[in-house]
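> Residue numbers (this note's numbering), protein chains in the order written: chain F, 84 to 237; chain G, 298 to 828; chain H, 469 to 1122. Think of the CB as a built atom: it goes at the ideal place given N, C-alpha and C, for glycine as much as any other residue.
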Amino acid sequence: MNCNCAEKLKQKLEPFLKNYTEGSLIPILQKAQEVYGWLPDDVLEHIARKTGVKPAKIIGVVSFYTQFRTKPVGKNLILLCQGTACHVNGSAEIERVIRDILKTEEGGITEDGKFTYNNVACLGCCSLAPAMMIGARTFGKLTRESVVEILNEY
Amino acid sequence: MNIKVGMGSCGIAAGAGDIFYNLEKAGLKPAPVGCNGMCNLEPIVEIDGKMYTQVTDIDEILNGTKLPLETKQNQSRIALRNCGNINPENIDEYIGSGGYAPLNLTPEEIIGQLKVSGLSGRGGAGFPTWFKWQAARDSAGDKKYVICNADEGDPGAFMDRAILEGDPHTVLEGMIIAAYAIGADEGIIYVRAEYPLAIKRLETAIEQARERSYLGDKFDIKIKAGAGAFVCGEETALIASLEGERGMPRLKPPFPAQKGFWGKPSNINNVETYANIPWIIQNSGMAANTKVFALTGKIVKGGLAEVPMGCTIREVVYDVGGGITGGKEFKAVQMGGPSGGCIPASLQDTPITYEALAATGAIMGSGGMVVMDESSCMVDMARFFLDFTCKESCGKCVHCRIGNRRLLEILERICDGNGRENDIDLLEELSEEIKAGSLCALGQTAPNPVLTTLKYFKNEYEDHIKNKKCPAKCCKPLLTFSIDLTKCKKCSLCVKRCAADAIDDFTIINEKCTKCGICADVCKFEAVNVT
Amino acid sequence: MIKLIINNHKINAEPGKTILQITQENNIEIPTLCHDERVEIFGSCGICAVEIAGSPRLFRACSTPAADGMVIFTDTERVRRNRRSVLELLLSDHTGDCVAPCVLACPAETDCQGYVKLIADGDYEGARKFIMETNPFPASIGRVCPHPCEEECRRTLVEEPVSIAALKAFAGDFTPIGFAAPPPEEEGSVAVIGGGPGGLSAAYFLRLKGHSVTVYEAMPEMGGMLRYGIPEYRLPKAILQKEIDAVERMGVNFINNKKVSLDDIKGDYDAVIIAVGAWVSSSMRCKGEELGNVIGGIDFLREPPIISGKIVAVVGGGNTAMDTCRTAVRLGAERVYNIYRRTRAEMPAEKIEIDEAEEEGVIFKFLANPLEISENSIRLRIMELGEPDKSGRRTPVETDKEETLAVDFVISAIGQKLNPGGFESIELTNWGTIIADSETFCTNVQGVFAIGDAVNDGAGIAITAIGHAKKAAEAVHGFLAGCGVSGTPQNYLAKTKKTPEDFIGEPKQNRAKMPHRCASERRGDFKEINLGFTEETAQKEATRCLGCGCADFHECKLIRYANQYDVKPEKYEGLISKKTENSPIPNVLQTPEKCILCGLCVRLCEEEIKAGVLGFVGRGFGTQVKPAGDLTPCVSCGKCAEICPTGALTAINN
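(1) Tell me the residue span of the alpha helix (DSSP H) that contains Val231(F).
(2) Helix, strand or coil: how does DSSP classify Phe891(H) here?
(3) Kindly list, in the order they appear in chain G, the residues whose Cβ is closer than 8 Å to that of Gly514(H).
(4) Chain F partners of Phe317(G), CB-CB under 9 Å?
(5) Using only the alpha-carbon positions, how far apart do Asn253(F) and Phe428(G) sit?
(6) Shorter than 8 Å from the beta carbon of Tyr753(G) to some beta carbon of chain C?
(7) Quick check on Lys755(G): does DSSP put it in helix, strand or coil?
(8) Taking only runs of the beta strand (DSSP E) that begin and end inside the segment 914 to 965 of chain H, which ones reach a length of at least 3 residues, in chain order?
(9) Once DSSP output is grouped into helix, strand and coil, what is the label at Gln410(G)?
(10) Quick one: Cα of Glu840(H) to Cα of Ser608(H), how far?
(11) Can you tell which of Phe994(H), Arg506(H), Val715(H) and Ala633(H) has its C-alpha closest to the C-alpha of Arg798(H)?
(12) Check for me: the beta strand (DSSP E) holding Val589(G) runs from which residue to which?
(13) DSSP beta-bridge partners for Thr804(G)?
(14) Hey, how far is the Cα of Tyr397(G) from the Cα of Glu504(G)?
(15) Any contact of the segment 929 to 937 of chain H with the segment 574 to 584 of chain H, i.e. 3+ C-beta pairs under 8 Å?
(16) Tell me whether Thr353(G) sits in a helix, a strand or coil according to DSSP, three-state version.
(17) Which value, in whole angstroms, describes the spacing of the CA atoms of Glu1075(H) and Pro1095(H)?
(18) Got a sec, what are the start and stop residues for the beta strand (DSSP E) Cys639(G) sits in?
(19) Enumerate in chain order the residues of its own chain whose CB-to-CB distance from Lys1008(H) is below 8 Å, with the five nearest sequence positions on each side excluded.
(20) Determine, using beta carbons only, whether Cys336(G) and Gly381(G) come nearer to each other than 8 Å.
(21) Taking the C-alpha atoms as reference points, what is the distance between Arg658(H) and Arg753(H)?
(22) Assuming the contact rule is C-beta atoms closer than 8 Å, Glu802(H) and Lys778(H) should be a hit. Round their C-beta distance to whole Å, please.
(23) Taking the C-alpha atoms as reference points, what is the distance between Val171(F) and Lys595(G)?
(24) Does any residue of chain H have a CB that is nearer than 8 Å to the CB of Lys140(F)?
(25) Taking DSSP's pairing of strands, which residues face Met348(G) in a bridge?
(26) Since I believe Cys772(G) is in contact with Val825(G) (beta carbons under 8 Å), could you give me their beta-carbon distance rounded to a whole number of angstroms?
(27) Please check the pair Ser880(H) and Val762(H), which I expect to be a contact at CB under 8 Å, by giving their CB distance rounded to whole angstroms.
(28) Distance, Cα to Cα, Glu1118(H) vs Gly1067(H)?
(29) For Ala743(H) versus Gly920(H), is the C-beta distance shorter than 8 Å?
(30) Name, going along the chain, the residues of the segment 1082 to 1110 of chain H whose beta-carbon falls closer than 7 Å to a beta-carbon of chain G.
(31) Counting only runs that start and end within the segment 124 to 189 of chain F, where is the alpha helix (DSSP H) found for 4 or more residues in a row?
(32) Taking just the CA atoms, how far does Pro774(G) sit from Lys114(F)?
(33) What are the complete alpha helix (DSSP H) segments, minimum 4 residues, inside the segment 724 to 767 of chain H?
(34) Which of the three DSSP states, helix, strand or coil, is assigned to Lys628(G)?
(35) Mind checking Met851(H): buried by the 16 CB within 10 Å criterion, or exposed?
(36) Would you say Ala168(F) reaches chain H, if we count a Cβ-Cβ gap shorter than 8 Å as a contact?
Now the structure itself:
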């Protein structure tokens, strides 16, 4: 997928691309995702051209790490923890409720473009299980009711 | 007034940010500190040594209407010694607590003290730390690296995050000592991107350490954020990732101490291991005989617990953790995450040592300890971990890529009520081959959750397969919901909440029931039977 | 030098080598799928596992450096078990057809895909030679074979099957028959009783192996059923004779007109193959069967009476019945009935035979069964269809209705049986056929083998007898060489099931029509009906082949090891990883479903070719090898296909 983004976004990446050294592909991709919110094909091609890293390698790295997204995401990214403590405390049911409300599958964007939800292995907030993050905010001890309230706030 | 507010991720998630802001607004000078381990009681405010828990209103603690906690938790803290006590964003507090003391030892003496202390890697494998340092020191090379593995990925473990957020300088100091001991001039901390607060505090700490010249020309440290791959906790995969590659484990030998990052000798330890180093050196090689556990699950006082090696599981669960929530029966603990296993309550007097835990089939691991009660299904637990391993397998080895996938599929069909007669044999047989055939620890240990649950809870597997029943009432396809009309008061709460419209005249229509369990959850009269 | 003990043998080796390198130097086979000397060690497949004394673990031979004093075991039960699990897991996530369904359907395992491809490439001589590795009669069998191959042809899922049999006839006709000089006759002597397709083929295969062979034939000419049971208009005698002559030219000794018993000749030869066929027509079990106007179908075809202007009724629904009907038409019968107890849909004869018979004026009487025959009539019981039987065909059930037809001759063509006279010492089945091992074709008498219509299930089709002949020849060869009789083991083969949905993108291209003479013209003579394909038609038809069988079957390491390790992948049957379509690699056919992620292509492309076109995409179970599209120029070296251990990447020959 291409983003057809404006040139000025590409310029934001320039200083990082200029300072490319062997091995710094992942930080560059992280930066690019920070700028664009995801990693469009044309941006990856741009990175390949500027750094000389082979496209096969870039695609290989992007598709290996879960942090990298090759599709755009909703305005708010929900990371639903599926760690052990959350699993034991009912994260599967929370996921079901989220899916019912958002009416979208994992990784998809809601119709209003507000949300994307992703399951993540562990947020490291096990004592708050079940937990989720929306943007930089963490919500713990989720229940069917509290999830509805939280999502309504956005 | 000396005010500390617990500002770890757990505290912030529980609302510590607002408390902190309100205290400042009230003209006070609160200090942010890291997690003190009592995550279940967050937000926590400490005023002149008195600890107030689950604070919602600052007036209550300031005017004395809320009483402070009477006793602290029963722990002995080395790695977590400063967490919750000092402001992690202030290097002076770290120095004040004895940190960055001048080093008057030769590299050989440092390694010797480590050997005396018996410190072993806290990341899971338990390999003697001195041995790795010695090997890296002995490897010829003009360039060597010290790497900190902060890619804490075990679901159910968060001790490294707490240390990085609560006491980042101890990790830096541990690495500085390591660099001196092996002769390295460059350090890298590979930290999960999911830990933004830890990264921020590390950045601050590195900046401060540079200002004081603890870091600089001779040895400097930079941070690299991981990009989301559990397998990068494996040291060769971590190196591949640092080099900008897919995090696929490489063959050993050569070991990283011989040929590591960019082919140079590299020493890799995890956060908790480094956090122990300054204390050991300050105490002249005294044994750092503790282990930090992340105590979670069906436990009253969940959080971080640093306990002495050799104490029993029972002591951790009951004395530190306060027992099982809701007065239910203690069934098992899961230790070591996806590489570990389930230890049944009948073995709760097992002492926590590397050897004793290994004898049960579980492992010490990085320290996740998930407590389970009678409502946790052991087949489901095994399935959960295999699901995790399959998602995190890098895909290189056949046994891990396809074998673990097949294990998962067998477990899934057992949980769905489609288990076959010889599935238990097949699980055991395949598990053995996966353990023998996988290249890295992720694959080699992935069958452990299956093997330990089979060892201690085979009857649960048989119930699923032969009787199509889940004794823990956890596997939904095997459950039947019904309403006991002698108990039902016809309040209609269940009817209102049933999303599937499956309750008609206070009878559950099985064909429509999605087995979500909400009827049983909301019923105030325990009139919904689950069988 | 370091000293090692491998499988209890002392071995000296240079230091610094891996266990795999040392075993390879010492001709100890350790399997490997992901290792090649041209690229860096990767260690993904794990199949090179070995045991080292003193360690409970298994070690990868490809990456473990040998050390002085090491005691290594490369073939223990534990090692074999682990390797087997690697293969079973790989195969559980590997989809493909090692061999095309047409080949599997052929009783002689003819490599149809192979010769069809050669025809498509214009190599007709090559095609004929290739066919003759399994069948010495391409022109004859191509004309008469009911071609079970075409039943299974996947092209049917697009529109119609490839005309496999007609292409075989084309290859047989198109090029002159030439044989490689036969090897010297020094390997023991064999007698074959019966000169039909089975017997002659057995002689041919044995002769190729260097044995001296004599064929005894009771009839005046060689050819058996191909000569006496198949009418001229389907298989001209001249074409058959040309192919028989070629067998004789190889140095096979033909003795015609000589009916022999086993005892007559057994003492004169080292081995005997009985291939006498089934020449006795089965009984209709109705009254009047013994009358003079009742003739067996096979007897009628061999020696027809004068029937010009007479009314003939042929009983039976198989190909022999159709041959009989159509021969009767050509011999001038006034009217020819075919009487069959089920309906057209259940008829075992080929559809084209039925259609052509009808075109030629044969009158079909379905759902009718003979009750009684008299000198000028046949009384029939009218039947109806009941429940399906074991074979799935609906069983005919009697009604109370009858019908009587005025007829002069009744020909019974409902099947043939063996005449066991002369083979008294040979054990028979309850239904009167010779008992022969299904792999070696041994009988109960040592040194005596039996094949074709005479054995086991009884009368079948010619290509089945030819298939028997090849296997029996192998067994006889082994017997004569003194290494005992052993059959070819049943090997594991990867297979898939396909549906029309799998071929939605395949452009439709209709099956070539066989040009033939029109009914009004052909019913008056015995000249061949089919005119054969032109070169142009044949080549175009051959390009319709979908090439279902794996192009790398014979080079595939995965299938070779799978059979060495006796795999049972079914137990790990599960989800198959989804593959997405790849962008093209010049001159390389990609079949990602067959990829085992050994990474050889990726590493070779990056390390040796330095092109870096290929890479791993995704992780875990869903990992796939993909070329980076047109972003990176491929140097078209084709090395990736060459190094691929399976059929995931194969070279396209232009």
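Quick look at the numbers:
(1) Along the first sequence, read from residue 1 onward, the residue named residue 231(F) stands at position 148. Run containing Val231(F): Arg227 to Glu236, per the alpha helix (DSSP H) assignment.
(2) Your numbering for residue 891(H) matches position 423 in the third sequence. Residue state, collapsed to three classes: coil.
(3) Taking the first residue of the third sequence as position 1, residue 514(H) is located at position 46. Residues of chain G passing the Cβ test: Cys694, Val695, His696, Gly734, Ser735 and Leu736.
(4) Working through the second sequence from its first residue, we reach residue 317(G) at position 20. Neighbourhood of Phe317(G) in chain F, by CB distance below 9 Å: empty, with the nearest CB roughly 15 Å away.
(5) Given a span of 84 to 237 for chain F in the structure shown, any question on residue 253(F) remains unanswerable.
(6) The displayed structure is made up of protein chains F, G and H, and chain C is not among them.
(7) On the second sequence, position 458 is the one that residue 755(G) refers to. In the structure shown, Lys755(G) sits in a helix (DSSP, three-state: H, G or I).
(8) 916 to 918
(9) The residue you call residue 410(G) lines up with position 113 of the second sequence. Three-state DSSP puts Gln410(G) in a helix.
(10) Within the third sequence, residue 840(H) is the residue found at index 372, counting from 1. Within the third sequence, residue 608(H) is the residue found at index 140, counting from 1. Their backbone Cα atoms lie some 38 Å apart in a straight line.
(11) Sequence index remark: in the third sequence, residue 798(H) carries index 330 (1-based). The shortest C-alpha to C-alpha distance from Arg798(H) to any of Phe994(H), Arg506(H), Val715(H) and Ala633(H) is the one to Phe994(H).
(12) Within the second sequence, the letter at position 292 stands for residue 589(G). Residues Thr587 to Gly594.
(13) For the purposes of this step, residue 804(G) is taken as the residue at position 507 of the second sequence. Answer is Asp801(G).
(14) Along the second sequence, read from residue 1 onward, the residue named residue 397(G) stands at position 100. Along the second sequence, read from residue 1 onward, the residue named residue 504(G) stands at position 207. So the two alpha carbons sit approximately 15 Å from each other.
(15) yes
(16) Translated into the one-based positions of the second sequence, residue 353(G) becomes position 56. Looking at Thr353(G) - three-state DSSP - the assignment turns out to be coil, as it is neither helix nor strand.
(17) In the third sequence, counting from the first residue as 1, residue 1075(H) sits at position 607. In the third sequence, counting from the first residue as 1, residue 1095(H) sits at position 627. Their Cα atoms are separated by approximately 15 Å.
(18) For the purposes of this step, residue 639(G) is taken as residue 342 along the second sequence, with counting starting at 1. That run of the beta strand (DSSP E) goes Gly638 to Pro641.
(19) By one-based count along the third sequence, residue 1008(H) stands at place 540. Answer for Lys1008(H): Ala980, listed in chain order.
(20) Within the second sequence, numbered from 1, the residue matching residue 336(G) stands at position 39. Within the second sequence, numbered from 1, the residue matching residue 381(G) stands at position 84. Cβ distance not < 8 Å, so Cys336(G) and Gly381(G) don't count as in contact.
(21) Taking the third sequence and counting its residues from 1, the one referred to as residue 658(H) is at position 190. Taking the third sequence and counting its residues from 1, the one referred to as residue 753(H) is at position 285. Sequence check: residue 658(H) is Val here, not Arg. Distance between the alpha carbons of Val658(H) and Arg753(H) is about 40 Å.
(22) As a working mapping, residue 802(H) is identified with position 334 in the third sequence. As a working mapping, residue 778(H) is identified with position 310 in the third sequence. The beta-carbon separation of Glu802(H) and Lys778(H), rounded to 6 Å, stays under the 8 Å limit for a contact.
(23) To locate residue 171(F), count along the first sequence from 1; it is residue 88. To locate residue 595(G), count along the second sequence from 1; it is residue 298. So the two alpha carbons sit approximately 8 Å from each other.
(24) Translated into the one-based positions of the first sequence, residue 140(F) becomes position 57. Interface with chain H (8 Å Cβ-Cβ cutoff): Lys140(F) is included.
(25) For the purposes of this step, residue 348(G) is identified with residue 51 of the second sequence, where counting begins at 1. Looking at the DSSP assignment, Met348(G) forms a beta bridge with Glu343(G).
(26) Residue numbering aside, residue 825(G) sits at position 528 when the second sequence is read from its first letter. Residue numbering aside, residue 772(G) sits at position 475 when the second sequence is read from its first letter. Rounded, the Cβ-Cβ distance is 17 Å, inconsistent with contact.
(27) Locating residue 880(H) in the third sequence gives position 412, where the first residue counts as 1. Locating residue 762(H) in the third sequence gives position 294, where the first residue counts as 1. Right, their Cβ atoms sit about 7 Å apart.
(28) Walking along the third sequence from the start, residue 1118(H) turns up at place 650. Walking along the third sequence from the start, residue 1067(H) turns up at place 599. According to the sequence shown, residue 1118(H) is Thr rather than Glu. Taking the straight line from one Cα to the other gives about 15 Å.
(29) Stepping through the third sequence from its first residue, residue 743(H) is reached at position 275. Stepping through the third sequence from its first residue, residue 920(H) is reached at position 452. Yes, Cβ-Cβ distance for Ala743(H) and Gly920(H) is below 8 Å.
(30) Result list: Phe1084, Arg1087, Gly1088, Phe1089 and Thr1091.
(31) Runs of the alpha helix (DSSP H) inside the segment 124 to 189 of chain F: 124 to 134, 138 to 147, 167 to 171 and 174 to 185.
(32) Indexing the first sequence from 1 puts residue 114(F) at position 31. Indexing the second sequence from 1 puts residue 774(G) at position 477. For Lys114(F) and Pro774(G), the distance between alpha carbons rounds to 44 Å.
(33) 730 to 733
(34) Along the second sequence, read from residue 1 onward, the residue named residue 628(G) stands at position 331. Here Lys628(G) sits in strand by DSSP.
(35) Your numbering for residue 851(H) matches position 383 in the third sequence. Result: buried.
(36) As a first step, residue 168(F) must be located in the first sequence, where it is residue number 85. Residue contact check for Ala168(F) against chain H: no CB pair falls below 8 Å.
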